[in-house]
Structure formats: C-alpha cells, structure tokens
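Colleague: Under my numbering, the first residue of the sequence shown carries the number 54, and numbering increases by one thereafter. Even glycine gets a Cβ: it sits at the ideal position worked out from N, Cα and C. Here's a structure for you.
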Amino acid sequence: MVALSRYDNGAEFFDPASDASFTAQELVYSGQRFLLVTETGDEDGGQHLFEVEENSIAHVASDTIIDLETLFSPTISSFADRFNRNLSCQVSYKDDHELAHDMAQSLVGNYSSKSGPDGGNLACVWAVRRILKKALGRVVHKSDLTTTFENELDDCFPDDLPESDILPGGIVISPTTWKKVGSKIVRVGTGHVGILGEGSGESRLIYSNSSSKANWAQNFTVGSWYARYRDKRTERPFLPDSVLQPVEQLTRIEGQRQAAVRTVPGPPNQASSATRRDRDRGYRAARP
Numbered sequence: 054m055v056a057l058s059r060y061d062n063g064a065e066f067f068d069p070a071s072d073a074s075f076t077a078q079e080l081v082y083s084g085q086r087f088l089l090v091t092e093t094g095d096e097d098g099g100q101h102l103f104e105v106e107e108n109s110i111a112h113v114a115s116d117t118i119i120d121l122e123t124l125f126s127p128t129i130s131s132f133a134d135r136f137n138r139n140l141s142c143q144v145s146y147k148d149d150h151e152l153a154h155d156m157a158q159s160l161v162g163n164y165s166s167k168s169g170p171d172g173g174n175l176a177c178v179w180a181v182r183r184i185l186k187k188a189l190g191r192v193v194h195k196s197d198l199t200t201t202f203e204n205e206l207d208d209c210f211p212d213d214l215p216e217s218d219i220l221p222g223g224i225v226i227s228p229t230t231w232k233k234v235g236s237k238i239v240r241v242g243t244g245h246v247g248i249l250g251e252g253s254g255e256s257r258l259i260y261s262n263s264s265s266k267a268n269w270a271q272n273f274t275v276g277s278w279y280a281r282y283r284d285k286r287t288e289r290p291f292l293p294d295s296v297l298q299p300v301e302q303l304t305r306i307e308g309q310r311q312a313a314v315r316t317v318p319g320p321p322n323q324a325s326s327a328t329r330r331d332r333d334r335g336y337r338a339a340r341p
C-alpha cells in the first residue's frame, strides 16, 4: 500500500472533508504504472484508477470496481460491450415490483455481502442484482459497475415518469462521477445503487448494501439519497437534474453523481409510457 501524499497532486483528487477512507496500491499493466485507489465509506465504496507519471497521477477511470484487463482489452471497446451485446429491455409487471420490494424488505440485516467484491465494501450492484435474481428468478444485469448498470438502463428506457408512478421495487442508482475543473479532473463522488421502498416524496424508503457492515440495510430515504448524491457545485448541462423513467425507472440528478430510480426489467412485449416530471422541486427536467 502507498500513501496518496506520495504523489505531488494526490490530494487534489479527493475531498478532505469526505467521510470516506482511502487505500492505494501501485500496479504495473502492460509496462505502465497505475495507482488503484479503493474508497471505503459507511454506506458506499468504489475504486479509482490513475496513471502514474514520475511523481504525479492522472485520472483514468472510476467505478464501483475497476477491472484493468477489461478496461484495456484491445478487443472490447467498453465494459458494457462485454456483457450487453444483445441487450433487450421490457417493462416489468406490477407483481414483479412487489416481489422485488418484498424480498428487499425481508432481507434487511440478513443478506451478507462479505463474499462480494472487496469483502462487501464494493458490493452495491453485486447485492442488488443477486436480490433481484432471488426475487424474480431472472438476471437483471451482469456486471458489478454502477456506470454500466445506469448506462444500460438509460439506453433501454429514455422516457421519464412522475415520481408517484414509480412502484416499490424500483432501482435507485447514482453512478460514480468526476468533473472537469479547468484543466483538472476532480472526483465528485462514489456511486451507489439500491431498491426503492414504500412511502412518498423524500421520506420514501431505500434499501441498499451497507459497505461498512457488509450487509443489506434500509439505510436511505429518497431525501437522504438526494442529499448525499447531489453536488450543487457541478453543472452537467447535457444531463437532466431529475428524470424518473419506467422500468427500470430512472432519476438522474444534475451534479454529483446522477441519481436514478428505476424498476426491474420484465417479460417482453410490454410497451412503456412516460410523462414529464413536475419541475416545482427545483430539479430541471430535461432530456439529454
């Protein structure tokens, strides 16, 4: 393990006020030096990859998990291509949402992620997709990355719904995001994913993997999720502030990590419909 302070610009990439801890290790891949930083927080975790040049580092990629072999494969253009070459998406039935919600609720405190990535620290997608498989008997997603998961859902379901139309059992997802400040790429925050519960508005419950406990938990509400994963300092004009979509129903928050609420994919031959979300909550609803 190495200290970030070893690099001249190591401190520039991470917020000193963050409640997370960071461990770093140098790797050599195809003759190039890299620094792999693993972030551990109370409820979420992630990894960040940097290229090392002399005494400084340059950001390469961030996600729930970094896979060097896949990232630099000459035959695979992206992680999504590896898993989703024949992607097909349909809208789920109401019964499927109920099954997903009931399973998420029943497993609180009783679904360990210690056998998942990094002993549970990087297991948010890992836990969600296994719980959905357990509830529905089918695979919803095949990777453990928040960005891959969100991109897949966004490509499948680009239309948005009012929050009140999202059923319990939907997926809430905020992919890992970085931003450019001048000539620098600065970390915004680590992504996370969970399953939407019952309730309304910002008091609505969310279930997700707890990184620190390596167990399934009811550890967020919609309000606390927005508070943690929305960064008011960042402008991303080509992404909507708040968009809710059908199944997988999405909410993306402009700024720190896009926040998304979605439902799980269902059987084929069901059309999705959508209406624009109300704008009176201060989130600009707009299509990219």
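#1: Check whether the Cβ atoms of H245 and D97 lie closer than 9 angstroms to each other.
#2: I need the DSSP call for N108, collapsed to helix, strand or coil.
#3: How would you write the range of the alpha helix (DSSP H) that L249 sits in, first residue to last?
#4: Output needed for L121: all residues of its chain with C-beta closer than 6 angstroms, excluding positions within five of it in sequence on either side, in chain order.
#5: How is the beta strand (DSSP E) around Y260 delimited, first residue to last?
#6: Bridge partners for D116 per DSSP, in chain order?
#7: Can you give me the Cβ contacts of F75 inside the same chain, cut-off strictly under 6 angstroms, excluding the 5 residues immediately before and after it?
#8: When DSSP labels each residue in this structure, what does V181 get in the three-state scheme?
#9: Taking just the CA atoms, how far does Y260 sit from A188?
#10: Per DSSP, what kind of secondary structure is T200 in: helix, strand or coil?
#11: Do W278 and Y164 have their CB atoms nearer than 9 angstroms?
#12: Considering only C-alpha positions, which residue in the set G190, G162, S159, F202 is nearest to W179?
#13: Under the rule that 16 or more other beta-carbon atoms within 10 Å means buried, what is L160, buried or exposed?
#14: Please identify the residue among G250, D197, H101, E65 whose C-alpha is closest to the C-alpha of G276.
#15: Taking only three categories from DSSP, how would you classify A267?
#16: Assuming P344 contacts H150 (C-beta within less than 8 angstroms), just tell me the rounded distance between them.
#17: CB of V161 to nearest heavy atom of the ligand ATP: below 8 angstroms?
#18: Determine, using beta carbons only, whether A267 and K167 come nearer to each other than 9 angstroms.
Modeller: Looking at the coordinates:
#1: yes
#2: coil
#3: First-last for L249: 245 to 249, but that is the beta strand (DSSP E), not the alpha helix (DSSP H).
#4: Y82
#5: 258 to 263
#6: Q100
#7: V90, E92
#8: helix
#9: 14 angstroms
#10: helix
#11: no
#12: F202
#13: buried
#14: G250
#15: coil
#16: The structure shown does not extend to residue 344, since the chain spans only 54 to 341, so no value can be given for it.
#17: No copy of the ligand ATP appears in this structure; indeed no ligand is present at all.
#18: yes
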